[in-house]
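Right, one structure below, let's go through it.
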Amino acid sequence: QKEVEQDPGPLSVPEGAIVSLNCTYSNSAFQYFMWYRQYSRKGPELLMYTYSSGNKEDGRFTAQVDKSSKYISLFIRDSQPSDSATYLCAMSDDTGGFKTIFGAGTRLFVKA
Amino acid sequence: KAGVTQTPRYLIKTRGQQVTLSCSPISGHRSVSWYQQTPGQGLQFLFEYFSETQRNKGNFPGRFSGRQFSNSRSEMNVSTLELGDSALYLCASSLRGTVGNEQFFGPGTRLTVL
Chain B
649 QKEVEQDPGP LSVPEGAIVS LNCTYSNSAF QYFMWYRQYS RKGPELLMYT YSSGNKEDGR
709 FTAQVDKSSK YISLFIRDSQ PSDSATYLCA MSDDTGGFKT IFGAGTRLFV KA
Chain F
557 KAGVTQTPRY LIKTRGQQVT LSCSPISGHR SVSWYQQTPG QGLQFLFEYF SETQRNKGNF
617 PGRFSGRQFS NSRSEMNVST LELGDSALYL CASSLRGTVG NEQFFGPGTR LTVL
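This is the structure:
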């Protein structure tokens, strides 16, 4: 079993829809939770970053972390065609050094 | 400020050969991490260097190695290439390499092994 599980999709939604992307994980030591967006032929770029449990909002994006369930989510409101990309969840612990574990990524298509 | 650069962008090699990939981090960043990205496995952590020292290593065979120079530039080497090594190799730099520091990714090197 992988440490981080993420449905690869693809997920196709109409413009303006609310998108929900999710990941589950098994390592209870994870404390830092991130969402990256990766466009075709580009490297991932950081979208949202959350420490421990709770919610974080940034414009149309909301990240949620539920450590008791080992479950994290990213919500995109009023989705746009420009949101079409692969979204990767990522997490790390605080044992020192810098080792981030990524989910497989979910491909999202927003249709105009 | 220039981003993370990786060279070359594309490589084609044959089985058994070796390859060296290069990464130049953002100026001032001292941590460089390497990742392998494949459709089946996603993004997998290879190793992380900070001030020329390897601090973390993922679960890859010893054919995968790396180093970091005093100017923080990093190289990754794969020896005795196998077909399964075909992937996008990404490098990411971070200011201090501590958790909470944002990682900035380069565009990657696409390696094809024939």
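Here the protein sequences line up with chains B and F, keeping their order.
For the first sequence, the positions run 649 to 760 when the working numbering is used.
For the second sequence, the positions run 557 to 670 when the working numbering is used.
Heads up, the beta-carbon is just placed ideally off N, CA and C, and yes, glycines get one too.
| query | result |
| --- | --- |
| Top-ranked residue by Cα proximity to F/Thr636, from F/Leu577, F/Ala558, F/Lys569 and F/Phe661 | F/Lys569 |
| Exposed unless 16 or more other CB atoms sit within 10 angstroms - verdict on F/Phe625 | exposed |
| The stretch 586-616 of chain F: positions lying closer than 7 angstroms to chain B by Cβ | Ser587, Ser589, Gly598, Leu599, Phe601, Glu604, Arg611 and Asn612 |
| Spatial neighbours of B/Thr698 in its chain, beta-carbon cut-off 7 angstroms, leaving aside the 5 residues before and after | Phe681, Lys704, Ala711 and Val713 |
| Neighbour list for F/Pro564 in chain B, Cβ cutoff strictly below 9 angstroms | Under the 9 angstroms cutoff, chain B gives no residues; its nearest Cβ is about 14 angstroms from F/Pro564. |
| Where the beta strand (DSSP E) through B/Glu651 begins and ends | Unbroken run through B/Glu651: none, as it is neither H nor E. |
| Within-9 angstroms CB hit, B/Tyr673 to chain F | no |
| 9 angstroms Cβ cutoff, B/Phe757 in contact with chain F | no |
| Those residues which DSSP pairs with B/Glu663 across a bridge | Note: B/Glu663 sits in no beta bridge, so no partner. |
| Within chain F, partners of B/Tyr691 - CB distance below 7 angstroms | According to the sequence as given, residue 691 of chain B is Gly; it is not Tyr. Near B/Gly691 (Cβ distances below 7 angstroms), the residues of chain F are Leu646, Phe661, Gly662, Pro663 and Gly664. |
| Residue-level contact to chain D via CB, F/Glu631, 9 angstroms cutoff | Note that chain D does not occur in the displayed structure, where the protein chains are B and F. |
| Endpoints, beta strand (DSSP E) assigned at F/Gln553 | In the structure as shown, chain F begins at 557 and stops at 670. Residue 553 of chain F is therefore absent and cannot be evaluated. |
| N-terminal and C-terminal residue of the beta strand (DSSP E) that F/Gln659 is part of | Segment: none, F/Gln659 is in no beta strand (DSSP E) and carries neither H nor E. |
| Contact list for B/Ile749 against chain F, beta-carbon separation under 8 angstroms | Phe601 |
| CB contact flag (F/Leu567, F/Val560, <9 angstroms) | no |
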